[in-house]
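So the protein sequences, as listed, match chains F and H. Take the first sequence: its letters are residues 1 to 324, numbered as in the numbering used here. Take the second sequence: its letters are residues 1 to 658, numbered as in the numbering used here.
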Amino acid sequence: MNRSRTRLLVALASAGTLLATAGCGAADMTRQASPFAAPAGVRTVTLSVQSWVGAQANVAVAEHLLKEKLGYRVDLVQTDEVPAWDALSQGRVDAILEDWGHPDQEKLYIDEKETIVRGGDLGVTGHIGWYVPKYWADEHPDVTDWKNLDRYAKELRTAESGGKGQLLDGSPSYVTNDVALVKNLDLDYKVVFAGSEAAQITQIQQFAKEKKPFLSYWYQPQWLFNEVPMVEVKLPEYTEECAAKDPADIDCAYPTTPLQKFLNADFAERGGDAAAFLKKFHWSEKDQNEVSEMIASQKLTPREAAKRWTERHPDVWKKWLPEG
Amino acid sequence: MATARATPVRPASAGARRGPLAVLRDRPAAAKLLLLALVAVVAVPLVHGRWGGGMWPAALTADLSGPLGDVTDWIVSNRDSHPLFLYFFGHISNAVVLSVRGVYLVLLALGWAGVTVLAAAVAWRAAGIRTALTAAASFLACGLLGMWVPTMQTLALMVVAVLASVVLGLLLGLAAGLSDRVFRVLRPVLDTMQVLPAFAYLLPVVLVFGIGVPGAVLATVVYAAPPMARLTALGLRGADAGVMEAVASLGATGRQRVLSARLPLARKELLLGLNQTIMMALSMAVIASVIGAGGLGDRVYQALSSVDVGAALAAGIPIVLLAVVLDRTTEAAGRRIGAEPTGPALLRGWRGWALAAAAVAAAGRAADGRVWPDEMTVAIAGPVNTAKDWMVDHLYTGVPVVGGTADLAAHFTGGVLNPLRGGLTGLPWWSVLLIVAALAWTIGTWRTAATAVLAMAAIGVLGVWEPSMDTLSQVLAAVAVTLVIGFGVAIGAARSERLERLLRPVLDVFQTMPQFVYLIPVVALFGVGRAPAAAAAVIYALPAVIRITTQGLRGVDPAAMECARSLGATPGQQLRQVQIPLARPSLLLAVNQAVVLVLAVVIIGGLVGSGALGYEVVLGLAQGDLATGLVAGAAIVCLGLMLDRVTQPTTRRQRQES
Chain F
1 MNRSRTRLLV ALASAGTLLA TAGCGAADMT RQASPFAAPA GVRTVTLSVQ
51 SWVGAQANVA VAEHLLKEKL GYRVDLVQTD EVPAWDALSQ GRVDAILEDW
101 GHPDQEKLYI DEKETIVRGG DLGVTGHIGW YVPKYWADEH PDVTDWKNLD
151 RYAKELRTAE SGGKGQLLDG SPSYVTNDVA LVKNLDLDYK VVFAGSEAAQ
201 ITQIQQFAKE KKPFLSYWYQ PQWLFNEVPM VEVKLPEYTE ECAAKDPADI
251 DCAYPTTPLQ KFLNADFAER GGDAAAFLKK FHWSEKDQNE VSEMIASQKL
301 TPREAAKRWT ERHPDVWKKW LPEG
Chain H
1 MATARATPVR PASAGARRGP LAVLRDRPAA AKLLLLALVA VVAVPLVHGR
51 WGGGMWPAAL TADLSGPLGD VTDWIVSNRD SHPLFLYFFG HISNAVVLSV
101 RGVYLVLLAL GWAGVTVLAA AVAWRAAGIR TALTAAASFL ACGLLGMWVP
151 TMQTLALMVV AVLASVVLGL LLGLAAGLSD RVFRVLRPVL DTMQVLPAFA
201 YLLPVVLVFG IGVPGAVLAT VVYAAPPMAR LTALGLRGAD AGVMEAVASL
251 GATGRQRVLS ARLPLARKEL LLGLNQTIMM ALSMAVIASV IGAGGLGDRV
301 YQALSSVDVG AALAAGIPIV LLAVVLDRTT EAAGRRIGAE PTGPALLRGW
351 RGWALAAAAV AAAGRAADGR VWPDEMTVAI AGPVNTAKDW MVDHLYTGVP
401 VVGGTADLAA HFTGGVLNPL RGGLTGLPWW SVLLIVAALA WTIGTWRTAA
451 TAVLAMAAIG VLGVWEPSMD TLSQVLAAVA VTLVIGFGVA IGAARSERLE
501 RLLRPVLDVF QTMPQFVYLI PVVALFGVGR APAAAAAVIY ALPAVIRITT
551 QGLRGVDPAA MECARSLGAT PGQQLRQVQI PLARPSLLLA VNQAVVLVLA
601 VVIIGGLVGS GALGYEVVLG LAQGDLATGL VAGAAIVCLG LMLDRVTQPT
651 TRRQRQES
């Protein structure tokens, strides 16, 4: 076997590959669209979809109108919240339609790098909190105050929470201070992360079917309230000072957040009708829930749900179109 | 210990004069354990006095969160300016995007009819008429399910990823096949790459490439290239010495020998490698949807977030169909090597290709449409969801005798998982290392034992001892369940041809269905927590265990069986005293596969509340938190490595996944 020659060949081959990939010019990774975008050379918009159904409702309606009224092709990319910011700054997606507040990302991408711009309010106000089912709160009205929670810890025990009560949390990507809250309020509870919203919803539905008590991290607006009515547990009042503390020291309720839209800076400037439309997109919680519930409970496809909603509410969306 | 018992004891020819040393020489396992015990007697008091028992001592950990956080920050702030990104990663990323786009556009330009005809023609040429019909029917089914565009996206991604994996695998395999030194260096690397749960290394890829197709393709290549490299090396090394000598004596140069003799002789292995690469790429293409790869995996993932099992299944079926078509076609092509060419005479040679091209073009024209028409779809989501709801309603609680699935899950968590976790976290850390060493050494060589112990120690150093023990307890419990069910079914299947035939399609489906599809039904049945993760893992690992075990039991020398039967052994005795001992290598391989596959799913179980390492990886991905995610990912890798070594028989095993 002629070893040196083989080695030479291998070396040449690898050098060749390296040269071929390295090419000559610089390649800007911040300007790469999805390979599936705009296959026929049509105008295209890429939207980021987050995993909760409210976000799917926004995107479905935006997609439907962009397609039918403005003649765009719409691509959807499903991502978690923080990676979505990253993708938005790189131009992999053009817009996020519902953001629950990411101060670190806002500082980095909007103020420092200027690759993302604000797209205004979505019109929906979000609120995170701890919730118990209404059927249980009706029987024990005092459970809706955090000070009384310890008394019910025993009833909320599960195999996963050990000897403590279970506080059901959802996806790790959601904004949550629950571990710190349980510790700082000295509650006899253990936070059990369901790992995904889907798992959390399924678990809540199971509990509700058997009329079992539960305590869960949850948020409004959310379609599941129509199916499983829930009551919020009062936590120590939210204050600015408390929110400014180190995440591990937070000991108060979650704020009420007007949900925000964000656009890629470049897209906001050159996106034409689509960018103008997305900036004007503004609807109410009721509207969003109507679409969400069609998707999640009635199992319509997001596309079908959006179509039905737009047929019913032309007065709402007519204002979003560029010509007015 | 099974190993110790099964070691043949030399007949007492040496008589009663044998000293204790000779006894030990005959029973290497006992000797190893004795030696280990000696080491423990000396070392344990020292170690215990210095660092204490219980959890891994804090003094021996290294906190990586600071440096890893710095790396994240550096990457984010330099990604659009640093030359490394502009001139290296940027071009790779560009090349991937361009090629995937190219393939995608070609697939769209062919139209649904064109793609279907093309797939059928290729399958016909490579594997015969039956596979051709399967291929055509499968593609039509993808269209009918309303999944045409996502299927084409996945296919485009697959084509590029598989081509890249094959090129990379061939290069590595060529180097390893021709040079002993490269082979020695490469083998542990390939071993490690195969044990890695794919989920664990998505995070660094995302950080460098961002979400989307480039990262997904590269992650897929890393995952899918090793089998190609391994089988190429195997094929090249196994070339018939006689043939090689003949070629050399004809005065062929080195390159000629490789191109005209070694590679053609290794055709079978090369095709098997291609087959394995395709299957692994397909499973990764689904997992990569977590980082925004699009296609079918993305549909499954999106359906999951609205708890819609029907929609997830509608996207999962095309994945299974693609897997079946690709597997059958490449497998048949491999089997037919050297046999008479197949397919109609018309399809052979250039004439065939011209004809096929014309047919494709004509079909595309006639169908007049790039994508499947929306009116021609069948909605299966509704009925599937109804069926699932019915099942959950009737099984969740109140099933007579066995109790509902919820009770079952609670019993499993309380009765098996909790004590196991308590036990593992309660064991002094050094005793865990000793146990690992003992297991790995008795079953393998001192090298495997050293690897396993070092992997375990690395987990401690990374500072994730407790979550790792938690994950380990879940893996052990799920593996135990898998083996009990798997061996039971396999014994039945080995006895009855009909049962085996009935099982085959079921196993195919479970093996290729993306794991994401199971996650919601298992939550609906078992609630949130570690029990549903274990259930999903069992479902995923069972097919491989059943297959390997059935094959092993069937493969037992018929003469031995006949002999046992003539001696009047009952079926139970035949099984216990002949079949199982003789099939021991297969059984060990089944255990090994169960461990590796279960580990892969327990991680994804982080999405349904299994906590521990899986949750930390999910958290890292979701929050872009390299420190948490990467450390947990590394711990998973170490855990996988340890488990693999502890269950790996001494002789090199052949992977039998498909």
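Just so you know, even glycine gets a beta-carbon here, dropped at the ideal spot from N, CA and C.
Restricting to Cα atoms, I'd like to know which of the options is closest to residue i.
i                      : options                       : result
residue 160 of chain H : H:123, H:422, H:593 and H:102 : H:102
residue 212 of chain H : H:153, H:258 and H:225        : H:153
residue 36 of chain F  : H:533, H:406 and H:149        : H:149
residue 126 of chain F : F:47, F:220 and F:151         : F:220
residue 43 of chain F  : F:59, F:68, F:58 and F:53     : F:68
residue 355 of chain H : H:278, H:231, H:130 and H:114 : H:114
residue 520 of chain H : F:262, F:201 and F:260        : F:201
residue 54 of chain F  : F:306, F:271 and F:223        : F:223
residue 124 of chain F : F:110, F:281 and F:218        : F:281
residue 290 of chain H : H:324, H:131 and H:203        : H:203
residue 325 of chain H : H:516, H:132, H:442 and H:145 : H:132
residue 266 of chain F : F:138, F:109 and F:128        : F:109
residue 328 of chain H : H:307, H:272, H:285 and H:295 : H:272
residue 196 of chain F : F:181, F:190, F:217 and F:137 : F:217
Whose C-beta lies closer than 6 Å to the C-beta of residue i among residues of the same chain, with five residues either side of it excluded?
i                      : result
residue 554 of chain H : 494
residue 489 of chain H : 546
residue 647 of chain H : 591, 592 and 595
residue 21 of chain F  : Because residue 21 of chain F sits at a pLDDT of 49, beneath the cut-off of 50, its placement in the model cannot be relied upon, and the point is left open.
residue 83 of chain H  : none
residue 478 of chain H : 534, 537, 538 and 598
Within the continuous alpha helix (DSSP H) that includes residue i, where are the two ends?
i                      : result
residue 302 of chain F : 302-312
residue 500 of chain H : 497-512
residue 592 of chain H : 584-604
residue 112 of chain H : 90-127
residue 169 of chain H : 148-178
residue 86 of chain F  : 81-90
residue 252 of chain H : Taken as a continuous stretch (DSSP letters only), residue 252 of chain H belongs to no alpha helix (DSSP H), as it is neither H nor E.
residue 381 of chain H : 381-395
residue 150 of chain F : Looking at the DSSP string, residue 150 of chain F is not in any alpha helix (DSSP H), and its letter there is neither H nor E.
Need the endpoints of the beta strand (DSSP E) that residue i sits in, please.
i                      : result
residue 190 of chain F : 189-193
residue 133 of chain F : 116-133
residue 198 of chain H : Segment: none, residue 198 of chain H is in no beta strand (DSSP E) and carries neither H nor E.
residue 73 of chain F  : 73-78
residue 48 of chain F  : 44-49
residue 160 of chain F : Residue 160 of chain F -> no beta strand (DSSP E), and no H or E assigned at all.
residue 68 of chain F  : Element bounds for residue 68 of chain F: not the beta strand (DSSP E) but the alpha helix (DSSP H), 53-68.
residue 97 of chain F  : 95-99
For residue i, which residues in the same chain have their Cβ closer than 8 Å to its Cβ, ignoring the five residues on either side in sequence?
i                      : result
residue 157 of chain F : 163, 164, 165 and 166
residue 141 of chain H : 317, 318 and 321
residue 574 of chain H : 561, 564 and 565
Which same chain residues end up closer than 7 Å to residue i when comparing Cβ atoms and leaving out the 5 residues on each side of it in sequence?
i                      : result
residue 134 of chain F : 229, 230 and 231
residue 487 of chain H : 549
Would you check if there are 3 or more beta carbon pairs closer than 8 Å linking the region 555-567 of chain H to the region 596-613 of chain H?
no
Which full runs of the alpha helix (DSSP H) of 4+ residues lie inside the region 207-236 of chain F, going along the chain?
224-227
Taking three-plus beta-carbon pairs below 8 Å as touching, is the region 537-545 of chain H in contact with the region 584-603 of chain H?
yes
Contact between the region 31-39 of chain H and the region 312-319 of chain F is defined here as three or more beta-carbon pairs at a separation below 8 Å; is this criterion met?
no
Cβ contact (3+ pairs, closer than 8 Å) linking the region 228-236 of chain F and the region 80-91 of chain F:
no
On the three-pair Cβ rule with 8 Å, is the region 63-77 of chain H touching the region 616-626 of chain H?
yes
Quick one: which unbroken alpha helix (DSSP H) runs of 4-plus residues sit fully inside the region 551-580 of chain H? Chain order, please.
558-566
Would you check if the region 520-534 of chain H and the region 385-393 of chain H touch, i.e. whether three or more CB-CB distances between them fall below 8 Å?
yes
Three Cβ pairs or more, each shorter than 8 Å: is that satisfied between the region 231-238 of chain H and the region 305-319 of chain H?
no
Any chance you could list the alpha helix (DSSP H) runs of at least 4 consecutive residues sitting entirely within the region 178-246 of chain H, in chain order?
180-195, 202-209 and 213-237
Report the start-end ranges of each beta strand (DSSP E) in the region 236-307 of chain F that is 3 residues or longer and not cut off at the edges.
256-264
Counting only runs of 4+ residues fully inside the region 247-335 of chain H, write out the alpha helix (DSSP H) ranges in chain order.
267-287, 295-305 and 309-335
Count Cβ pairs between the region 244-252 of chain F and the region 142-159 of chain F that sit closer than 8 Å; are there 3 or more?
no
Are three or more beta carbon pairs between the region 402-421 of chain H and the region 440-450 of chain H nearer than 8 Å?
no
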